[in-house]
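Chemist: Dumping the structure here so I can ask a few things about it.
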DNA sequence: GCATCCTAAGATAACGTTATCTCAAGGATA
DNA sequence: TATCCTTGAGATAACGTTATCTTAGGATGC
């Protein structure tokens, strides 16, 4: 039986037993306890039993910090994403893949804030994580250069980092926009508008650019059809006003990301939403319950997350391998909103 | 200028400089570097400059693991929730509150799996986190008793843990169900059915019990109106069949959690959903865009998350304080689906 | 019967920090 | 001029592990 070890004086946290305490209790050397803890087979039956008894009696738990300090590796990778605690299938895939590789995941939210992102990344480096996956927010990541040189594996997800060269996994934005455009065009639409995120953001830039290219490829004029910028109710309202009430009004919309899609749906209201064809970029929660159900171009988020971990592990195993960028294709998911005729 | 320190042989991770290296580079003692790193004011200008230069030249970053080992505290708290990477406002609040308290958050998904939960919690104990918040899944948490006795602060969220006595913050489930029932009753409904999660789960038990109590309080019979169990499409379909096609069919529904609400909406389809009054327990994403918009009893998730961190910090500061359970009230959010008349 | 080899287990030195002493130099005080 | 603080800075011992040696003791080989 273990001695009662609670309440070592008010307000003070009781000390936990260490390997030394276990060794003393068991009457063996420190090294022997270490062997038992690490399942080293070269321990005799007698000592094995004594040590196990002592561990149970003292409720000993090895201190992971000391272990990691000594070992050099932490068995933990970091993920700096925009928001944990929001629907984030990439992060779910990262967590799942990491776990099945025996890696612990430390996830943190950059909250769309460049300074916060930097704090988190530096902190992860100080914690000597085995590697970092980042969904980059900031425009310049040059400050990571020393870390890369010091051998910290870093993989960027969803968009590349500027100022440094690191592995990257991202969706084929241009093809995705092309698919959305083509789908609406096939359903008879000729005036198709695009509303999307700011072009200061990499993905916003890529998608708007691809949309303009689609318009040009199909020989349509660009006038008043492409609206980009911060997503706010006012901006979306203004964009819709311009697009839908022009001399030649748009009959279909492509929305550049989930946030935009939701904002547009809110703005349109129930009546209008059933008259204008919409294809959203990115999956939207409960998209199938909306009226009409929402047609989207969906990123292969599971594959993106999985690939991010795989790229990271590859670099952890082989720090000097060539930098790689993986581009993942998207899928058109047909549900109704994109099939309304012009 | 720093010497090129990349590529120390293929496949091997280059060693990072340590405090000793910085001391040598700067020509001062190890202790002086430590003072500089920790902003100790008792360092002369000359040495301060030399050390700062050396730190920059070598790209030195303190090793957090060693620091924590020496200090005894990690400045990190753990959160074992059902799913990170899903909408989880409690977790968002925890992260926010932790950050503004200067604490790092380590979040992990138990994935509704008891064994996984146990793994995570034990791992967090081994990492000697400063405290743990857990949204309990398993039925017995007795294995945490030694950890509690060893001074590990643990707070449970959303439901209590059985087998041990720990601080807890949770919603006032009974009042919430009462509010939903009362609201529907006020709108003329007399046959009100409940569909909810398994009663093996604490919250499922509490909510179903409260619903039965409401029926009794209003003098209504319970026959065929209360349906609990694992949430699957078949089960929900069967429950709806029983409730809606009885001799005295239900005209209104209370759904016991978000998952159930969504399953019920999917099952009802668009036409039926606009004829049957529904009040959901828990907020649902895009609830305002549904048709009719969804009336819900919403938990004060932000307050729950914040309170969890506060309880944890209180126990970290004062390990021997009395165990506390905080019950948080809910809010009825009226949007349409709950105001359909009988 | 003695050298050799294997096995179990112990001493002890890292890992990279911070904390406790100690000490030297210099200015103030009697 | 001798003594006492004050201030800056260096040795060195933790923190709790794992890894490298070393050693004692019995089994094996010739």
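Protein chains in written order, with the working numbering: chain A, 203 to 544; chain B, 203 to 544.
Even for Gly, the Cβ is constructed at its ideal location relative to N, Cα and C.
#1: Do you know offhand how far residue 427/A's Cα is from residue 540/A's?
#2: Could you name the residues of chain A that residue 307/B contacts, counting a contact when the two beta carbons are closer than 8 angstroms?
#3: Might you give, ordered along the chain, the residues of its own chain that have their beta carbon closer than 8 angstroms to the beta carbon of residue 223/A, omitting 5 neighbours on each side?
#4: Tell me the residue span of the beta strand (DSSP E) that contains residue 482/A.
#5: With 7 angstroms set as the bound, which would you pick, yes or no: does the beta-carbon of residue 399/B sit closer than that to a beta-carbon of chain A?
#6: If you pair each beta-carbon of the segment 367 to 386 of chain B with each one of the segment 480 to 500 of chain B, do three or more pairs fall below 8 angstroms?
#7: With DSSP as the reference, identify every bridge partner of residue 533/B, one or two as the case may be.
#8: Contact criterion: CB-CB distance below 7 angstroms. Does residue 501/B meet it with respect to chain A?
#9: Is it the case that the Cβ atoms of residue 245/B and residue 233/B are separated by a distance below 7 angstroms?
#10: Can you say whether residue 343/B is buried or exposed, counting buried as having 16 or more other CB atoms within 10 angstroms of its CB?
#11: Which residues in the same chain have their Cβ closer than 7 angstroms to the Cβ of residue 378/B, if we skip the five residues on either side of it in sequence?
#12: Taking CB distances under 7 angstroms as the criterion, tell me whether residue 260/B reaches chain A.
#13: Over what stretch of residues does the beta strand (DSSP E) that includes residue 447/A continue unbroken?
#14: Give the DSSP-derived three-state secondary structure of residue 488/B in the structure shown.
#15: Residue 484/A touches chain B at which residues, Cβ-Cβ below 8 angstroms?
#16: Report the neighbours of residue 346/B on chain A: residues whose CB is nearer than 7 angstroms to its CB, in chain order.
#17: So, under 8 angstroms CB-CB, residue 409/A and residue 353/A are touching, yes? Tell me the CB distance rounded to an integer number of Å.
#18: Using DSSP bridges, identify the partner residues of residue 369/B.
#19: Chain A partners of residue 218/B, CB-CB under 7 angstroms?
#20: On a Cα-Cα basis, can you pick out the residue from 423/A, 368/A, 451/A that is closest to residue 517/A?
#21: Alpha carbon to alpha carbon, how far is residue 289/B from residue 433/B? Give it in angstroms, no decimals.
#22: Quick one: is residue 240/B near chain A, going by C-beta distance under 7 angstroms?
#23: Output, in chain order, the set of chain A residues within a Cβ distance shorter than 8 angstroms of residue 464/B.
#24: Where does residue 305/B sit, in a helix, a strand or coil, going by DSSP?
#25: On the three-state DSSP scale, how would you describe residue 271/A?
#26: Mind checking whether residue 276/B and residue 218/B have CB atoms under 7 angstroms apart?
#27: Would residue 542/A count as contacting chain B if we go by Cβ distances under 7 angstroms?
#28: Between residue 212/A and the rest of its own chain, which residues show a CB-CB distance below 6 angstroms, the 5 nearest in sequence each way excluded?
#29: Between the alpha carbons of residue 283/A and residue 293/A, how many angstroms are there, rounded?
#30: Rounded to the nearest angstrom, what separates residue 413/A and residue 396/A at their Cα positions?
#31: For residue 243/B, does the count of other Cβ atoms within 10 angstroms reach 16, so buried, or fall short, so exposed?
#32: Using 7 angstroms as the limit for Cβ to Cβ distance, is residue 270/B near chain A?
#33: Taking a contact to mean a Cβ-Cβ separation below 7 angstroms, would you say residue 465/A touches residue 438/A in this structure?
#34: Just verifying my parser: in three-state terms, what is the DSSP assignment at residue 278/A?
#35: Does any C-beta atom of chain B lie closer than 7 angstroms to the C-beta of residue 297/A?
#36: If you check the beta carbons only, do residue 394/A and residue 441/A fall under 7 angstroms apart?
Modeler: With the given structure in hand:
#1: 17 angstroms
#2: 310
#3: 260, 262
#4: 479 to 483
#5: no
#6: yes
#7: 500/B
#8: no
#9: no
#10: buried
#11: 483, 499, 532
#12: no
#13: Looking at the DSSP string, residue 447/A is not in any beta strand (DSSP E), and its letter there is neither H nor E.
#14: coil
#15: Near residue 484/A there are no residues of chain B at all, since even the closest Cβ is about 14 angstroms away, more than 8 angstroms.
#16: Those do not exist, as residue 346/B stays about 11 angstroms from chain A at its closest Cβ, beyond 7 angstroms.
#17: At roughly 35 angstroms, the Cβ-Cβ gap does not stay under 8 angstroms, so residue 409/A and residue 353/A are not in contact.
#18: 357/B
#19: 352
#20: 368/A
#21: 19 angstroms
#22: no
#23: 488, 491
#24: coil
#25: helix
#26: no
#27: no
#28: Its pLDDT being 40, under 50, residue 212/A is placed unreliably in this model, and the coordinates cannot settle the point.
#29: 8 angstroms
#30: 7 angstroms
#31: exposed
#32: yes
#33: yes
#34: strand
#35: yes
#36: no
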